[in-house]
Every structure is written in C-alpha cells, then in structure tokens.
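Reviewing the structure listed below.
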DNA sequence: AAGTGGTCTAGACCACTAT
DNA sequence: TAGTGGTCTAGACCACTTT
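Chains as they are written, first to last, in our numbering: chain E, 811 to 1064; chain V, 811 to 1064.
Structure follows, in structure tokens:
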C-alpha cells in the first residue's frame, strides 16, 4: 500500500553509458541496503517495477535474476520476490584473488626444482585412474614473489608420448602460465579442494618458514577431453601471504 | 566452414520440462567438454545458433551469458565468442558447503560458553568504529556435531539497548540460526575473510584436538542498515572436519 | 479468478571489430 | 561495410499460489 519515496537517483537515466538493467539493480540494491525493503519484505511485482521505472518486463526479469543469484532476494513463482536475510552460506571465495595478488606483483617467478619419471604407487594410480606401476611424471615447483618463496607445487602427470602435455608443463615459467592456459594442451575441467594444513619439515624449509606454520593446501585433478584425469597435485600456500576476502548482502559484488 | 556434426541429443526438445536455455547451455557445455570446440575456438555467432537450434536471439544471449559467467567462454563485442582455456582463477569456494555439512547432520548444537559485557580495547574499538572504552558484548560459543566440538565462535557486539540485536544473539541455539537469519535483527551486509591458522592452546583444548593443529579462521564484520559495523568475530573451524571443493571448466556447476 | 514469477518470441537499435 | 555481441522492447503464454 505504501509506496517508498523515490529519490532523484532512483530513476533510470537513458542517456548514461550504464545499461538500464545495471542501474535498476543498483537502485534496488541501495534500497535494500538502506532498509527501504527489509529482510522478509516483498519487492514490488515485476509489473509494478516495469511501470515504476519505465522498462520492459525482460529487463526487470534480468535484474531480479541478478539479485537472486547474488543471494539478496529470493523469487518464488506465484508468490512474489522477497528480500533474503543475511546468510553466511552465500559467501564465496574466489581463487582469482590469489592470482591477483601474485600477478599484480611484478616480481613473480616459477622455479622448477624437480622433474622426473616415477612409477605410480597405489594412491597415484587411483587418483589418475591408471594401472599401478605405470610411469608418471613427477614435478615440483616453487613460486617466488620478490625472491621470497610463497607457494610450493607438486604434481603427477600421466605420461603419454603422443601428447605434448608434459613438454608444455616444463615450459611453464610464469605465474600466469601455471594458473591459466594449461587448458590449451588438452585440459578441459578440474576438481579443486582447499583445506587448512600445517607445514611439514620439507615444505617449511622450502618455503623458508618455521615447521608447523599454517598454510592452505589446494589439491587439484585436471581432466582431458575424454574426462580422464591427467594431472594430480597440490599447491601449498603460505598462510601469511594468502587470505581470501568477500562481501555478502546488499552491498556485495555482482 | 566446417559444421560440427550434431548428435541426436544436440537438439532442443520443446516438450521437456527443462527450459530451452538450460538445454542449449548443456549442449554447448557438452560440446566444449568433448572437445568439439577447443580453447581458443570461436563459437558459432548468435545468429547462427538461433537458426541452428530454432530459438530466439534473447534465448541465445541468455545462454552465452551463463557460459560466460561460469568462465567457460568469453564474449567480445564485435569479435565473437570464444572458448576460454581452463583457468584456476575461476574456482570459487562456497561457504554454503560448510553449512550443508553441518546442517545435514541431525545432531548439531550450539553451546554458549561465555557472554559478558566488556570495554572495547583499541582493536575492538577500531573494528567496530566506536570509541575506545565503550561497552561491548563479548560472546563465545562452541558448535557441536555428534557431541564433538567442531567450531569455536568468538564475537564482539556493539551494545545498544534500543536494539534487540544482543537479545536475538542469545537465542541462537542452532547451526541454522548462527549462520542465517541474523539479518532479521538489523544486519544488512558483511565482510568475510578466510585464512589458514594453527590452533592456540585455548582453542585446541576447547575443540579437543592437539595444539598447533590446522584450522580455518573465518573472520566476520556485520553491518547494520546505516552501514555501521555492529559485530566483529571469528569462526575457528577444525581443519579435519572442513574442506571446500569445487569444479572448474566445461563440466562445472551453474 | 486474480496475481505472481518463469520462459520465450521476433524483432529493433546500438557499439564495436575486422576487412 | 559487413558481421559480431550488447541492450531493450512489448508483448505472449505458461505454471504456480493465493483468495
């Protein structure tokens, strides 16, 4: 019944570079953040929003979709769209942050510290879905930032002479190359797991910190176009150099 | 020039419950995963996709948007849409996993172990943007799963008698309540940080593990509708009970 | 029955890139 | 200039919920 007052900024400016859907999403976000609509409140119906802001139904739908995806509202068919209470579960941490931190630093380097052919033990064989005893390539790398080792990478690669995967891996000498672009050589998807660990002797000495310092361990398995695993390994990241941040609620990104 | 062969499944079935845009996104995902389109390849233009699958431009656009958001393709205005190589930076870890693990367990409980009024020291005052020496509420909680302590929560709350925030906090006795729904009482947004830590004596004994075991530390600051911080705290999560997994590439979720 | 969100159409116009 | 993606319209029809 009560229509919230609309300030000057709560209008869509067609002369702007910013698309209408971005503007409207921002308007609704701001209103929710300011408490105009509170958790549990129902938003105006899509028809009302169309009339209020002078946009077409498709544009309003797009906005609602965006807000729903970011966890700010929830839309129920036949009932309406409602503001969601803050939910920690909506928080997402992006590995990209880690890359940013490294990439924005000019002085990053990848140093190959070992690469040799070994026979797969039971665990490696299981992870790579190959027969025990088969030959695999074992690679160890250290990542430096300003001459300081910050990340330690170990990886087992299925050895297939027909594929240039291993050769390509040897040429990885940049941060960028290690985190991206590996797909060009036949990788299609990957499973990642992140957990908290304490560094063992070997890891700690390589990373030049005390043993039993904290670290993130990011385990990865990469698959080729036949969905067969071809790479299994871990990134060990010094906790003092890496953390992840995010924002939830109406003020959140995207 | 060369048109990829279309299998029987690579058609949109209008009789299905699954919307056309979901079907088309799945088709393109599968083709990319199978290597029909490889990293760097250009997808058919939107017009071609419309004709090929008999859908309207808006539907194709929606599909492209979805694939672009999940990092599988990148669209460039004026140039085309291209398959992206696998990029670790695309990986996102969702805190919801943590909630799922706890919530799906029937036997979870939250136990309040301390709640008292203290005066804000320099750090608390800075984090909550209040004057040093002001009174704040200090709360400590333990979260149990099958009678085993798995998470330890400490929190400082701005004490404002006009607001029911503190009272509401005391009533939190379930997992669900702790992670959700706190927004009903005037919280609007939050900043979260996750890092790897080793447990200190006190934390370890409360969580009944050895000291210097690994753990996740999730720090949080929650804001009210005036964007003023009202809560600062941490969740300490035993690493042996929590890890996060995700999938990147053409086979990824959403 | 009325109101809600969910999908989809068949175009339009614009901005940008390549040639 | 031709081709590409990006935005947007003004409806349509459907599924669902509430009254």
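The beta carbon of each residue, even a glycine, is placed where N, CA and C say it ideally should be.
The structure presented is a predicted model; accordingly, all values stated were derived computationally and were not measured.
Using three-state DSSP, classify residue i as helix, strand or coil.
i, result
"residue 1020(E)", "coil"
"residue 942(V)", "coil"
"residue 1000(E)", "strand"
"residue 895(V)", "coil"
"residue 841(E)", "helix"
"residue 822(V)", "coil"
"residue 959(V)", "strand"
"residue 1062(V)", "coil"
"residue 849(V)", "coil"
"residue 856(V)", "helix"
"residue 969(E)", "coil"
"residue 1043(E)", "strand"
"residue 1033(V)", "strand"
"residue 828(E)", "coil"
"residue 1014(E)", "helix"
"residue 861(E)", "helix"
"residue 1051(E)", "coil"
"residue 881(E)", "coil"
Residue i and residue j look like a contact to me (Cβ under 8 Å); what is the Cβ gap, rounded to whole Å?
i, j, result
"residue 918(V)", "residue 955(V)", "5 Å"
"residue 947(V)", "residue 925(V)", "7 Å"
"residue 830(V)", "residue 865(V)", "5 Å"
"residue 873(E)", "residue 843(E)", "Not confirmed; about 15 Å, so no contact."
"residue 920(V)", "residue 982(V)", "6 Å"
"residue 838(E)", "residue 877(E)", "6 Å"
"residue 892(V)", "residue 851(V)", "7 Å"
For residue i, does the count of other Cβ atoms within 10 angstroms reach 16, so buried, or fall short, so exposed?
i, result
"residue 958(V)", "exposed"
"residue 827(V)", "exposed"
"residue 1049(V)", "buried"
"residue 909(E)", "buried"
"residue 1033(E)", "buried"
"residue 855(V)", "exposed"
"residue 1052(V)", "buried"
"residue 1038(V)", "exposed"
"residue 833(E)", "buried"
"residue 1011(V)", "exposed"
What does residue i reach in chain V if we use C-beta pairs closer than 8 Å?
i, result
"residue 1022(E)", "1008 and 1022"
With distances taken between CB atoms, is the gap from residue i to residue j smaller than 8 Å?
i, j, result
"residue 881(E)", "residue 1058(E)", "yes"
"residue 902(E)", "residue 902(V)", "yes"
"residue 1042(E)", "residue 938(E)", "yes"
"residue 1001(E)", "residue 1046(E)", "no"
"residue 1016(V)", "residue 952(V)", "yes"
"residue 940(E)", "residue 960(E)", "no"
"residue 1062(V)", "residue 998(E)", "no"
"residue 1006(E)", "residue 1025(V)", "yes"
"residue 859(V)", "residue 870(V)", "yes"
"residue 849(E)", "residue 990(V)", "no"
"residue 1022(E)", "residue 1008(V)", "yes"
Can you pull the chain V residues whose beta carbon is under 9 Å from the beta carbon of residue i, in chain order?
i, result
"residue 868(E)", "868"
"residue 929(E)", "The contacting residues do not exist; residue 929(E) stays about 27 Å from chain V at best."
"residue 1039(E)", "Within chain V, no residue comes near residue 1039(E); the closest Cβ sits about 12 Å away, beyond 9 Å."
"residue 909(E)", "897, 898 and 899"
Below 7 Å on C-beta distance, what does residue i contact in chain V?
i, result
"residue 942(E)", "Result: empty, since nearest Cβ-Cβ is about 25 Å, beyond 7 Å."
In chain E, which residues lie with their C-beta within 7 Å of the C-beta of residue i?
i, result
"residue 1065(V)", "Nothing about residue 1065(V) can be read from this structure; chain V reaches only from 811 to 1064."
What does residue i touch in chain E if you count any residue whose Cβ is under 9 Å from its own?
i, result
"residue 970(V)", "Result: empty, since nearest Cβ-Cβ is about 16 Å, beyond 9 Å."
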